[in-house]
Amino acid sequence: MGIRFLLSCMGAVCLCLNAPYLFAQENPGDKTGGSPAATSPSVAGDSGGQSVIQSQAIALGVDPLSLITVVPGAPPVRIPIAIPDTFRVGDAADSAGLGRTLAEVIRNDLKMSGLFEVLPVETYALVDPAKEGITRSTIQFDRWYSVGASVLAKTHYTLANDKATFHFALYDVDTATEIPLRFNARNATEANIRALGHEFVNRIIEFYTGEMGVFGTRIIFASDAQNNFRKIQSFETDGYGTITYNVPDAINVLPEWGPGNTILFTHLSSTGDHLYKYENGTLIQLSNFSGWASGADYCTKNGKIAFTGANEDNANIYTMNADGTDVFQVTNLPNNIQTSPSWSPDCSRMAFVSDYSGRPQIYIINADGTGMRRLTWVGNYNTTPDWSPKGDLIAFTARDERNVFDIFTINVATGEVTRLTQDQGHNKEPSWSPDGRYIVFESTRDGRQPRLYMMNKDGRWQTRLSPRAGLRTPTWHR
Amino acid sequence: MKIQLASLAIAACLAMACASSQPASNVIKDAEEAMLNADSAKECAAQTYALAQKALAEAQEAQARGDAETARQKARLAQTLANQAKDEAIMNAEDCERQRAAALAMHEKLADSGNIVDDIDVVVRGDVEFEIVYFDFDESTLSSAAVKSITANIGILRQKPGLAVQLAAHTDERGTTEYNLALSQKRGESVRVYMTTMGIEPRRLTVVPYGKEKPVALGSREQDHALNRRVEFIAR
C-alpha cells in the first residue's frame, strides 16, 4: 500500500502543481448529488464496511481506505492533516474566543485519534491565509501539498448581532477535492462550541474508517475527596465538561453507565456495600444482599445488570433487572472469589475474575451459568476484564513478575495475549471506547495518585486526558 | 521564593496574553480543575490555597453578572495560585505529611469522644478494646498471629454477650479496586467463619468489605501495606 499511496500522491502533485484549479473544475463537488444508494457498494470488512460518504468520495476519485490500510507487520500510517486557525469573516470582535477554541478542540481530538498526524501550525507559513477562504476555488492546494498535508480541515465563521455561524469543510489535498461530510454550517455559542469541534472530528473519522469517531463522549470515574471519600464524576474525552453527581459523601466506587441517563455505582458504608442507581438527582438502592454487592455492568441489549454479590458466603456473579428485580445467580462456586463481570457485546456471555485456581484469573461463562471456561493461563493476578464492543478482545489488568500492574488484551478465540503498557508506573482498570478503537485506563506514571489516560487498542499513542490526580476506575459511555 | 514570584509573574503575563480569546466558562473550568488537583495542598499551602479559592469565587461572581473579562482574569489567577499551592505542598511534603497525620489523629480523637459521627467513622464503645487481625499479602487464610488476635476478641465477646460486632475488612493499596473488595470480603468471612465455629452466634457478626479504599497507613512501604491488610472489630 505504501507504493500505491506514493504513486497516487505523485500523480496528484503533477496535477496540483501544474493546474490545480483546472483539476478542481474537472472534478466538481456537485457530483455528490446522485442517489447514495446507487453509489454505495456494500463492502464488508474489519472497519465495518464502506459508508455512503466513502462511496461518494470514491466516485470523486478519493479513496479513504487506501490511506489507512495497514501493511501487516508495518507500523500504521497516520494521515498528515493541516488544520489552519478558524478564520473570522468580518470585523466583529470574538470576545468569547469561539474560533480559537474550535481549532484547539479539532487539533487535539485528531492528535488523540492516532489516525492523523496533525502538522504543526508554524509550517503553514507557506500558505497566505489572507488569500484563502473556505470554498474550493480559493484554496491553494499546491501550497498545502508543499506543507506536507494530504488532508486539509477548514473552518470559518461570521459574527453578527451576537450570533456566530460556523462553516466546516474538508479537502483531499492530493486530488483538490472537497470531501462531502454533510456537516456544513452550525450556529455556535460558548456552550456548544466544543461539541461542534468534536462532531466535525467524528465525521472526519467516519469518512476515513467507515465509523463515527467517539470524541466528546463521556467517561465516568471515582474521584478522591477528603476523608478517603470518593466522588462520582464524569468528563468528556479531552477532560473538559466535568459533571459531579450528587451522591452522598462516602466511599463511592466502581461507577458505571446505566439505562438512559442513569448511573450505577457501589456505595461502601458501615451499613454494608450496596449498588445504587442515580437518576436525575434521585438515588435508588438496587441490591439488598445481607452481605454485599458491587461493580455493576449494564447491558443495553438485554437490560440486565451483572454484579458481584455475597449473602454471608463467598462472592459470586449475579444478574438482575435494571430496577433490582429478578435476581439470578450465574456462578455458584463455594469458597472462592467470583467478581468483576463484563458482558460480551451480544450479552449472551460474560468475562469475570475467579480465584478458583488459587490466584485470580479471567474466565468466561454463559449468562445462564453454563459453559464456564478459564481464559488466562499466564501470570498469577489477572483482574478487571472489559470485553471489547467488537467482541474479539478482552482488556484486563495483570501483575507481572516484577509486581508491576499493566494493561493487556487477550483474544477470546485464540487466547493470544498482547501487552499494551510497560515501564510507565502502574496501569490498571481498562475500559473500551464505544467504537472499540481505544482504551481508557488509570496510571501512576505522573505521580502516586492515579490519573486517566487513553491509548489505541494496540497500545499506541498513550495520552493523558486531564492533569487531575486521584481519578480511578474509568468507564467509557457506550 | 524569588523564583516562585518570577514564575507567578510569567504565568500572569501568559494569562493576560490569552485572556481575551478563551471563553470565560472554559477558563473557569480550568481553574476549578486546578483547584481540585490542589485539593491535597489545602493543609500545607493553606494561605496560597485560600487566595486561589477567593480568586475562583470572584471569577464565578463576575461570570454570573456577565463580566466575562474579569471572570477570565480572576479564573486565570485562581488557576496560577492553585498550581502554586500544589507546588508549595510538594516542596514541603514532609511537613505536610506530619501536619496531616496530626489533623487525622485529632479527627479520630474527636470521633472517639463522640463529637464527630458520620457515615463511615464508627464510634467505638468506651471500654471495649478489640485486637486488629492482620493478613499476609494476597492472602485470606488466618496466620497463627491472626488466630491469637481473634481468640482474644472472642474472649471479649464471651464476657459481653449482648455485644455485636462489625468485621471491617481491608486490603493494602496494591491491585485493582473490585478484586480488592472481594479479597477483603474473603478476609472478613475467614474471621467470621472461624468465630462461629468457635461458638460465637452468627447474628452477632457482620462483614463489611472496604477493599483498598480506607487505608490506615498512607505510605507505600512494606510496613504500611502490612498495617493496611486487616480486619477491624467494631462494636455496634
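Quick mapping for you: the protein sequence lines, in order, are chains Y and H. With our numbering applied, the first sequence covers 326 to 803. With our numbering applied, the second sequence covers 588 to 823. Just so it is clear, CB atoms sit at the ideal spot from N, CA and C, and this is done for glycine as well.
Q.
Cβ closer than 7 angstroms: which chain Y residues qualify as neighbours of Thr763/H?
A. Thr708, Thr709, Thr722, Lys753, Glu754
Q.
Taking 8 angstroms as the threshold (beta carbon to beta carbon), is Asp434/Y in contact with chain H?
A. no
Q. Roughly how many angstroms lie between the CA atoms of Cys605/H and Leu754/H, to the nearest whole one?
A. Low local confidence applies: a pLDDT of 39 at Cys605/H is under 50, so the model's placement there is unreliable, with the coordinate-based value given in what follows. The alpha-carbon atoms of Cys605/H and Leu754/H are separated by roughly 55 angstroms.
Q. How big is the Cα-Cα spacing for Gly784/Y and Asn736/Y?
A. 15 angstroms
Q) With 16 other CB atoms within 10 Å as the buried threshold, where does Ser528/H fall? A) Because chain H is modelled from 588 through 823, residue 528/H falls outside the range shown and cannot be assessed.
(Q) With distance defined between alpha-carbon atoms, name the residue in Ala635/Y, His599/Y, Pro670/Y, Arg698/Y nearest to Lys626/Y. (A) Pro670/Y
Q.
Using only the alpha-carbon positions, how far apart do Asp497/Y and Gly620/Y sit?
A. 46 angstroms
Q) Which value, in whole angstroms, describes the spacing of the CA atoms of Lys629/Y and Met537/Y? A) 27 angstroms
Q. Counting Cβ pairs closer than 8 angstroms, one from the segment 422-442 of chain Y and one from the segment 556-575 of chain Y, do we hit at least three?
A. yes
Q. Is the segment 492-512 of chain Y touching the segment 455-470 of chain Y in the sense that three or more CB pairs, one from each, lie closer than 8 angstroms?
A. yes
**Q.** Endpoints, beta strand (DSSP E) assigned at Tyr643/Y
**A.** 641-646
Q: For Gly620/Y, name the three-state secondary structure that DSSP assigns.
A: strand
Q.
I'd like the span of the beta strand (DSSP E) that includes Lys488/Y, first residue to last.
A. 488-497
Q: Confirm, please, whether the CB-CB distance from Pro710/Y to Ala676/Y is below 8 angstroms.
A: yes
Q. Does any residue of chain H bring its CB to less than 8 angstroms from the CB of Ile662/Y?
A. yes
Q) Does the beta-carbon of Lys661/H have 16 or more other beta-carbons within 10 angstroms, so that it is buried, or is it exposed? A) buried
(Q) Below 8 angstroms on C-beta distance, what does Ile576/Y contact in chain H? (A) Ile707, Tyr797, Glu800, Lys801
Q: Quick one: using the 10 Å Cβ neighbour count with 16 as the cut-off for buried, is Glu776/H buried or exposed?
A: buried
Q: Under 8 angstroms Cβ to Cβ from Leu658/Y, same chain only, skipping five residues before and after it: list those, please.
A: Asn639, Asn641, Ser679, Tyr681
Q.
What residue range does the alpha helix (DSSP H) around Leu623/H cover?
A. 611-624
(Q) Counting C-beta neighbours from all protein chains within 10 Å, is the total for Asp731/Y 16 or more, i.e. buried, or is it exposed? (A) buried
Q | Of the residues Asp549/Y, Ile545/Y, Ala428/Y, Asp416/Y, the one placed nearest Thr483/Y, counting alpha carbons only | A | Asp416/Y
Q: Classify Phe820/H as buried or exposed, calling it buried when 16 or more other Cβ atoms lie within 10 Å of its own Cβ.
A: buried
Q: Confirm, please, whether the CB-CB distance from Glu760/H to Lys801/H is below 8 angstroms.
A: no
Q: Please check the pair Val655/Y and Met645/Y, which I expect to be a contact at CB under 8 angstroms, by giving their CB distance rounded to whole angstroms.
A: Rounded, the Cβ-Cβ distance is 11 angstroms, inconsistent with contact.
Q | Proximity winner among Asp725/H, Thr635/H, Ala651/H, relative to Asn815/H (alpha-carbon distances) | A | Asp725/H
**Q.** Sequence-distant residues of the same chain with beta carbon closer than 6 angstroms to Ser612/Y, five excluded per side
**A.** His599, Leu600, Ala618
Q. Helix, strand or coil: which one does DSSP assign to Leu506/Y?
A. coil
Q. Does Pro748/H come within less than 8 angstroms of chain Y when only Cβ atoms are used?
A. no
**Q.** Endpoints, the alpha helix (DSSP H) within which Thr722/Y is located
**A.** First-last for Thr722/Y: 718-724, but that is the beta strand (DSSP E), not the alpha helix (DSSP H).
Q: Could I get the ranges of all uninterrupted alpha helix (DSSP H) runs contained in the segment 458-492 of chain Y, with 4 residues as the minimum, in chain order?
A: 466-472
Q: Would you mind working out which of Ala407/Y, Pro775/Y, Phe766/Y sits nearest Gly473/Y, comparing C-alpha positions?
A: Ala407/Y
Q: Helix, strand or coil for Ala369/Y, going by three-state DSSP, please let me know.
A: Residue confidence for Ala369/Y is low, a pLDDT of 33 falling below 50, so the modelled location carries little weight and cannot support an answer.
**Q.** Within chain H, partners of Arg793/Y - CB distance below 9 angstroms
**A.** Glu620, Ala621, Leu623, Asn624
Q | Beta-bridge partners of Ser777/H, as assigned by DSSP | A | The partner list for Ser777/H (beta bridge, DSSP) is empty, contrary to what the question assumes.
Q: Just tell me which of Gly653/H, Arg652/H, Gln647/H has its CA closest to the CA of Leu664/H.
A: Gln647/H
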